[in-house]
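J.: Below you'll find the structure I mean.
Residue numbers (this note's numbering), protein chains in the order written: chain A, 377 to 535; chain B, 7 to 86; chain C, 31 to 782.
See the structure below:
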């Protein structure tokens, strides 16, 4: 099958890749570009483990074709921490023990960033409904919600 | 003499005997004594867990016994 | 209760050492291993729930360009009967036939063949080129059909085990077991009140978010390296060696990070296929399951049919109880009926009881362990019946349980007398908990129930290395599924008297550390923790010897205090204490590097009890049940890392709530699962749940140096009945069958 050349930006870096027309963005990220921080849990858009930001919109990368990334800006978990160290959301997930096995964590952190970018002060219900697309089987979500609440506070008033 | 209790589902091995008293200083000797009594029992009993005086041992082979110890054979526990 | 002990680091909740890698996407899980020259394996699965395989023809698939290997049942060594060993047990031949069908397929999704090709897409295309000829057989899809006199047999060689007489005819009932004590008839005759109930629960899946995945690379000398997500790479290695008839020494298993397991990743599925395909293709082969494959061909736990009858005096004293517990095994024997039977009455003093349990073959996937395997189903029955009993007696449900609660010295239904246990402490805490003492919200109902699990010990190994600067590296062999590295670091730091930050724990592969059983059975913090503590004690003994040599005194004149060697009281030596760093710096002169070791078969795991409370509201128009508040109270023995103990309690509660409210395998009449995806098999999402309050009770387990009982499994046991009892309170209706999905609840409301 003929491969398509795609030019895009991932975590602020220009990236070009070749992909087959039916390949998903998730597959391209993980298998072609070795960005395995984005996880695969279902490939049907139900679990959110593969959450990335596509032009600042939260998407399941398993529901986006690689070719659709042409000309767009993609943010993945690998771009969250910077030269300053961990992003406050990452730090708060650690401090609140908001991960057990950790497979859903990259997706949840990306989804949380998308939430707090839009709504810096969400209440518990808003957090729970926003994160309803990100399945976690280990924690029962309690510590995740608390980590998000604390991260919101931290981002509003950095310590 | 240690008191030994066999669970119901293994009574076929013992001809229906549920409780016996056995003189044994440790679990290894106990198994040998039970083999002498019920020749068909040792393979199955050797694979069982055993509770000795309330403490459950998945592999009791080396455990010591007191003269008044109570030994319950039971199915091994698995877990998630 | 034992005196509280003041620990320096145990009981704190520091950030886990593997945490940064897990929040940045660096951590490598099962599907994250990519190797040069790697190709991709996929599995062809049966379209029938029950059929004889007449032939499998791989030739067209093998002829496709870019397809490098294909295998079917004929490529495996003959499946030999024998003990699997390890934590879960079972028969090797069954395991082998579940991994790849031989003469028969026994469930929809059963593996029939596998291919390896240049890409996943090409491998999937190659599967379509495989010709399999089947002779379909009638599927046996539920317990009643399986146990019927004239039932179609899954296995003509299956004769019911443990019957008084060896049966002369085969049956789908693989095994039965009984537990009995006292005189049940007399006990019921003594009762003032008797309640009975009959409860059905369908199969449910562990639902870990990471699908099974592995990469295998076999070299031309026949040595295989396998990277995989597993709860126990040593047990996987042993199973693979038996299924493939390979030498254990030629198999190296490396556990990746693991994205959840809950018992479901104690079982081998893909790894032998990847090894065979790599052998044939001379390339590394990566295999990952889709979510659909995970649902159709791995895991679930048993669907059950339980009957229970309980009698009590007016004052609540239990006089007798009986239980009949039928468990679906799936396609091969091995349902958790034993632990289900042993746990059902475990929290209570009972002089007269009779329990019968059955392990029943059906044409559904072979069940795997799921958190406290067998107990949630059986205890759901008992805890619902006790709730009904409390109502009939006009008693508070916690008071009824307290009246009959097992304590130290009570003879457990499975035989022995309990050592120190925390059930009464949990009940007392529940009675006084603000959740229980505050008014029930308008229109809501409150439920309580108890949970129990045995916990296990088993084999573990650990090494402790003291680095040149006195920092500590712990090496052990249990995949870290929920923060166990942090717990090991805490126990090592406490024992050695150093800070948490000075200790790191790594999980060794099968060639770099000693054997350990699976991360399962709530055993890791207990058993592997015990090995780590003993290895640290080995280090302390060596440090004392080296300090003695340094000071020119006898070894018994040195003590270890707060992380340093000091002269024993009364020893007249003008010396400065030697810290771990001091001794490490001088190690070359005193005998070389410091390495402590321990290997053990940990005995004396402590039973863990729980009491949970929930408030629910039922929408009478839609039948939807909302959990308004939830509290889990559990005896942890000692919480090494309390935040992760709370996490186990909260996560187990969430899984139990999901099982109670929504989760179920739905099969059509052909035995095809109709909801094999997360959209239709609906596990709880964040908006389904409230905050889950926790209270950790600490009644130390005398068999563990720090009192650990193990906490992973008990949390899932109580929630099923808690929700059922809360719905009973909210609606006045006892709905016997799970899950309480809106249609079922609505139907019950409409029929009332």
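Each residue gets a CB set at the ideal place from its N, CA and C atoms; glycine is no exception.
Within the same chain, show all residues whose beta-carbon is closer than 6 Å to that of residue 412 of chain C, passing over the 5 residues directly before and after it, in chain order.
T.: On the third chain, position 382 is the one that residue 412 of chain C refers to. Closer than 6 Å at the Cβ level, and outside the excluded window around residue 412 of chain C, lie 338, 374.
J.: Grab me the residues of residue 99 of chain C's own chain with a C-beta within less than 6 Å of its C-beta, minus the 5 sequence neighbours each way, in chain order.
T.: The count along the third chain starts at 1 and reaches residue 99 of chain C at position 69. Closer than 6 Å at the Cβ level, and outside the excluded window around residue 99 of chain C, lie 146, 307, 310, 311.
J.: Are any of the Cβ atoms in chain A nearer than 8 Å to that of residue 62 of chain C?
T.: Taking the third chain and counting its residues from 1, the one referred to as residue 62 of chain C is at position 32. Taking Cβ atoms only, chain A reaches closer than 8 Å to residue 62 of chain C, which makes this a yes.
J.: Under 8 Å Cβ to Cβ from residue 83 of chain B, same chain only, skipping five residues before and after it: list those, please.
T.: Position 77 of the second chain, counting from 1, holds the residue named residue 83 of chain B. Around residue 83 of chain B: 55, 62, 64.
J.: Is there a Cβ of chain C sitting closer than 8 Å to that of residue 21 of chain B, yes or no?
T.: Here residue 21 of chain B refers to the residue found at position 15 of the second chain. False, the Cβ-Cβ gap to chain C never drops below 8 Å.
J.: Please report the residue range of the beta strand (DSSP E) in which residue 626 of chain C lies.
T.: Along the third chain, read from residue 1 onward, the residue named residue 626 of chain C stands at position 596. Per DSSP, residue 626 of chain C belongs to the beta strand (DSSP E) from 624 to 632.
J.: Is residue 42 of chain B close to chain C? Criterion is C-beta to C-beta, closer than 8 Å.
T.: Taking the second chain and counting its residues from 1, the one referred to as residue 42 of chain B is at position 36. No, no contact with chain C.
J.: Whose C-beta lies closer than 6 Å to the C-beta of residue 418 of chain C among residues of the same chain, with five residues either side of it excluded?
T.: Within the third chain, the letter at position 388 stands for residue 418 of chain C. Excluding positions up to five away in sequence, the list reads 225.
J.: Take residue 393 of chain C and list the residues in its own chain whose beta-carbon comes closer than 7 Å to its own, dropping the five residues that flank it on each side.
T.: Working through the third chain from its first residue, we reach residue 393 of chain C at position 363. Hits under 7 Å: 79, 80, 136, 137, 169, 170, 171, 184, 361, 701.
J.: To the nearest angstrom, report how far apart residue 468 of chain C and residue 192 of chain C are at their CA atoms.
T.: By 1-based counting over the third chain, the position of residue 468 of chain C is 438. By 1-based counting over the third chain, the position of residue 192 of chain C is 162. Near 50 Å, if we compare the C-alpha coordinates of residue 192 of chain C and residue 468 of chain C.
J.: Does the contact criterion of 3 or more C-beta pairs under 8 Å hold for the segment 315 to 322 of chain C versus the segment 348 to 362 of chain C?
T.: no
J.: Evaluate residue 16 of chain B with the Cβ neighbour count: other Cβ atoms within 10 Å of its Cβ, from every protein chain shown; 16 or more gives buried, anything less gives exposed.
T.: To locate residue 16 of chain B, count along the second chain from 1; it is residue 10. With 16 or more Cβ atoms within 10 Å of its Cβ, residue 16 of chain B is classed as buried.
J.: Give every residue of the same chain whose Cβ lies closer than 6 Å to the Cβ of residue 96 of chain C, excluding the five residues on either side of it in the sequence, and list them in chain order.
T.: Mapped onto the third chain, residue 96 of chain C falls at position 66. Counting only Cβ-Cβ distances below 6 Å, and skipping sequence neighbours, we find 147, 148, 152.
J.: Residue 48 of chain B touches chain C at which residues, Cβ-Cβ below 9 Å?
T.: Indexing the second chain from 1 puts residue 48 of chain B at position 42. Ordered by position in chain C, no residue passes the 9 Å Cβ test against residue 48 of chain B, which lies about 15 Å from the chain.
J.: When we look at the beta-carbon of residue 228 of chain C and count the other beta-carbons within 10 Å, is it buried (16 or more) or exposed?
T.: Looking up residue 228 of chain C in the third chain gives position 198. So residue 228 of chain C counts as exposed.
J.: For residue 341 of chain C, name the three-state secondary structure that DSSP assigns.
T.: In the third chain, counting from the first residue as 1, residue 341 of chain C sits at position 311. If DSSP states are grouped into helix, strand and coil, residue 341 of chain C belongs with the strands.
J.: Would DSSP call residue 61 of chain B helix, strand or coil?
T.: Here the question's residue 61 of chain B lines up with position 55 in the second chain. Residue 61 of chain B falls in the strand class under three-state DSSP.
J.: At a CB distance below 9 Å, what residues from the segment 514 to 533 of chain A approach chain C? Give them in sequence order.
T.: 514, 515, 516, 517, 518, 519, 520, 521, 522
J.: In angstroms, rounded to a whole number, what distance separates the CA positions of residue 536 of chain C and residue 286 of chain C?
T.: The sequence position of residue 536 of chain C within the third chain is 506, counting from 1. The sequence position of residue 286 of chain C within the third chain is 256, counting from 1. Between residue 536 of chain C and residue 286 of chain C, the C-alpha separation is close to 12 Å.
J.: Thinking just about the alpha-carbon of each residue, which of C:663, C:774, C:751, C:314 is nearest to the one in residue 723 of chain C?
T.: In the third chain, residue 723 of chain C corresponds to position 693, counting from 1. For the options C:663, C:774, C:751, C:314, the alpha carbon positioned closest to that of residue 723 of chain C is the one of C:663.
J.: Would residue 674 of chain C count as contacting chain A if we go by Cβ distances under 8 Å?
T.: Start at 1 with the first residue of the third chain, and residue 674 of chain C comes out as number 644. Judged by the 8 Å Cβ criterion, residue 674 of chain C is in contact with chain A.
J.: Output yes or no for whether 8 Å exceeds the beta carbon distance between residue 11 of chain B and residue 445 of chain C.
T.: Along the second chain, read from residue 1 onward, the residue named residue 11 of chain B stands at position 5. Along the third chain, read from residue 1 onward, the residue named residue 445 of chain C stands at position 415. It is a contact, given that the beta carbons lie within the stated cut-off.
J.: Throw me the rounded Cβ distance for the residue 384 of chain A and residue 446 of chain A pair, which I believe falls under 8 Å.
T.: Residue numbering aside, residue 384 of chain A sits at position 8 when the first chain is read from its first letter. Residue numbering aside, residue 446 of chain A sits at position 70 when the first chain is read from its first letter. That belief holds up - the Cβ atoms of residue 384 of chain A and residue 446 of chain A are roughly 6 Å apart, short of 8 Å.
J.: For the beta strand (DSSP E) that contains residue 489 of chain C, what are its first and last residues?
T.: The residue given as residue 489 of chain C occupies position 459 in the third chain. Per DSSP, residue 489 of chain C belongs to the beta strand (DSSP E) from 488 to 496.
J.: With DSSP as the reference, label residue 484 of chain C as helix, strand or coil.
T.: Here residue 484 of chain C refers to the residue found at position 454 when the third chain is read from its first residue. Of the three classes helix, strand and coil, the one that applies to residue 484 of chain C here is coil, per DSSP.
J.: According to DSSP, which residues form a beta bridge with residue 76 of chain B?
T.: The count along the second chain starts at 1 and reaches residue 76 of chain B at position 70. B:9.
J.: Residues of chain C with CB under 7 Å from residue 33 of chain B, in chain order?
T.: In the second chain, counting from the first residue as 1, residue 33 of chain B sits at position 27. Those do not exist, as residue 33 of chain B stays about 11 Å from chain C at its closest Cβ, beyond 7 Å.
J.: Residue 552 of chain C versus chain B: which residues are under 7 Å apart at the beta carbon?
T.: Residue mapping note: residue 552 of chain C aligns to position 522 of the third chain, counting from 1. Going along chain B in sequence order, the residues near residue 552 of chain C (Cβ under 7 Å) are 85.
J.: So with CB distances below 7 Å, who are the chain C contacts of residue 537 of chain A?
T.: There is no way to answer for residue 537 of chain A, as the model of chain A reaches only from 377 to 535.
J.: Helix, strand or coil: which one does DSSP assign to residue 605 of chain C?
T.: As a first step, residue 605 of chain C must be located in the third chain, where it is residue number 575. Residue 605 of chain C: coil per DSSP, three-state reduction.
J.: My output table needs one value for residue 25 of chain B: the three-state DSSP class, helix, strand or coil.
T.: Translated into positions along the second chain, residue 25 of chain B becomes position 19. Looking at residue 25 of chain B - three-state DSSP - the assignment turns out to be strand.
J.: Note down, in chain order, every chain C residue with its Cβ under 7 Å from the Cβ of residue 39 of chain B.
T.: Numbered from its first residue, the second chain carries residue 39 of chain B at position 33. Near residue 39 of chain B there are no residues of chain C at all, since even the closest Cβ is about 19 Å away, more than 7 Å.
J.: With residue 642 of chain C as the anchor, note down where its beta strand (DSSP E) starts and where it stops.
T.: Within the third chain, the letter at position 612 stands for residue 642 of chain C. Counting along the chain, the beta strand (DSSP E) containing residue 642 of chain C begins and ends at 638 to 648.
J.: Chain B partners of residue 447 of chain C, CB-CB under 7 Å?
T.: Counted from its first residue, the third chain places residue 447 of chain C at position 417. Those are 60, listed as they occur along chain B.
J.: Which value, in whole angstroms, describes the spacing of the CA atoms of residue 738 of chain C and residue 731 of chain C?
T.: On the third chain, residue 738 of chain C is found 708 positions in, with the first residue counted as 1. On the third chain, residue 731 of chain C is found 701 positions in, with the first residue counted as 1. C-alpha separation (whole angstroms): 6 Å.
J.: Please report how far the alpha carbon of residue 509 of chain C lies from the alpha carbon of residue 518 of chain C, in whole angstroms.
T.: Reading the third chain from its first residue, position 479 is the one you call residue 509 of chain C. Reading the third chain from its first residue, position 488 is the one you call residue 518 of chain C. Straight-line measurement puts the Cα of residue 518 of chain C at about 12 Å from the Cα of residue 509 of chain C.
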